[in-house]
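**Student:**
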Amino acid sequence: MEEANEYLDLKEVSGRNIAFGVSLCVISPVTLLLLSQAYESNLISVPENVVYGISLTVLFLFVIGALVIFIREDMKLKKYEFIENKGIDTAYGVDGMARDRAEKIHDSYARDNILGVLLLVASVIPIFIGMIFSVEDMPMMISVVVMLFLIAIGVNLLIRANTFMNSINAILEEGDYSKKNKKLKRKLGPFCLIYWIAATGIYLAYSFLTNNWDRSWIVWPLVGVFFPIYYIILKFIFENKIEY
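Each residue of the sequence shown is one higher than the one before, counting from 6 in the working numbering.
Spelled out as C-alpha cells, the structure:
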C-alpha cells in the first residue's frame, strides 16, 4: 500500500514536470522564428550571425532544459518501472485506494482533457486571423508563435491529466495497462526509441546541411502527428505474434 501511494505521488509530480518539459520543447523555436523574421523584414539592424546565434542558443537551452527534466523524472521513477511494464499482484486494499484516487481526480481529469483538446483544435485560429488582417510575413509569424503557445498549453494539460490517470490504470491493470498491453508495450519499446532517434537525426541532419533552422522545426510537429500512426502499425504487426 505504501509503495503504491508513493508511486502515485511521484507520478502526479512527474506528470507536471514532464508536461512542462514538453511545453518547453514546443515553444523552443519561438525566439528563432521571431528574430529571423524580424531580421528578414528589416525590423532589426543587427548582423545575421547575431540573430541566429542568439536564437539557436535559446532554442538549445530550452531543449536541454527539457532533456534534464525528462532524464531526472525517468531516474526518479526507475524503481517503479515494473508496475507499468509487468503483471503485478497488488496487496489487499491497493485496488480500492487506486480507485478512490481516480474518483477524486475524475472531474479535473475530464476538464483538463477537454480543455487540452479544444486548445489544440483552436491553435490554428491565429493563423486564420492573421490571414484575414494581414498577409505580411511578420504578422503571420506572430500568428505561428501564438499557435505554438496554444499547442504548448494544450499538450501540457493533456500530459498532466493522463500521466497520473495512466499510473492509476497501471496499478489496476486496466485500459492501456492491462497485462496484455504491458507485455505488448515491452515489445514495442525499442521500436519507439528507434523512431525518436531517427527523427532527431533527420532534424539535425537537415538543419545543419541546409542551415534552415528557422524552418526545420516543422519536423517535430510532423513527427508528433505520425507517431500514433507508426505505433498503431507496430501494434497491429506484433499484437498477434505475442503469447499472453
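Just so you know, even glycine gets a beta-carbon here, dropped at the ideal spot from N, CA and C.
(1) So what does DSSP say about residue 97, is it helix, strand or coil?
(2) Between which residues of its own chain and residue 37 is the CB-CB distance below 8 Å, once the five residues before and five after are set aside?
(3) Taking just the CA atoms, how far does residue 120 sit from residue 137?
(4) Tell me whether residue 53 is buried or exposed, calling it buried when 16 or more other Cβ atoms sit within 10 Å of its Cβ.
(5) How close, in whole Å, do the beta carbons of residue 239 and residue 196 come, if the pair is a contact with beta carbons under 8 Å?
(6) For residue 78, count the other beta carbons within 10 Å of its own beta carbon; 16 or more makes it buried, fewer makes it exposed. Which is it?
(7) Can you list, in chain order, the residues of its chain whose CB lies under 7 Å from that of residue 88, leaving out five sequence neighbours each side?
(8) What number of angstroms, rounded off, separates the C-alpha of residue 230 from the C-alpha of residue 48?
(9) Kindly indicate the opening and closing residues of the alpha helix (DSSP H) around residue 188.
(10) Pick out whichever of 204, 46, 30 has its Cα sitting closest to the Cα of residue 71.
(11) Enumerate in chain order the residues of its own chain whose CB-to-CB distance from residue 123 is below 6 Å, with the five nearest sequence positions on each side excluded.
(12) Given a cut-off of 8 Å, decide if residue 118 and residue 190 are closer than it, judged by their beta-carbon atoms.
(13) In angstroms, rounded to a whole number, what distance separates the CA positions of residue 181 and residue 166?
(14) Hey, how far is the Cα of residue 172 from the Cα of residue 41?
(15) In angstroms with no decimal places, state the Cα-to-Cα distance between residue 235 and residue 203.
(16) Taking the C-alpha atoms as reference points, what is the distance between residue 84 and residue 133?
(17) If you draw a straight line from the C-alpha of residue 241 to the C-alpha of residue 193, how long is it?
(18) DSSP three-state call for residue 226: helix, strand or coil?
(19) To the nearest angstrom, how far is it from the Cα of residue 103 to the Cα of residue 114?
(20) Tell me which residue opens and which closes the alpha helix (DSSP H) that residue 41 is part of.
(21) Taking residue 147 as the reference, give the member of 127, 159, 131 with the closest Cα.
**Tutor:** Put simply:
(1) coil
(2) 57, 60, 61, 63, 64, 218, 219, 222
(3) 26 Å
(4) exposed
(5) 5 Å
(6) buried
(7) In chain order, 12, 175, 176 place their CB closer than 7 Å to the CB of residue 88, counting only its own chain and leaving out the 5 sequence neighbours on each side.
(8) 34 Å
(9) 184-215
(10) 30
(11) none
(12) no
(13) 15 Å
(14) 42 Å
(15) As the crow flies, the alpha-carbon of residue 235 is around 13 Å from that of residue 203.
(16) 47 Å
(17) About 11 Å.
(18) Under the three-state reduction of DSSP, residue 226 is assigned to helix.
(19) 15 Å
(20) 35-45
(21) 131
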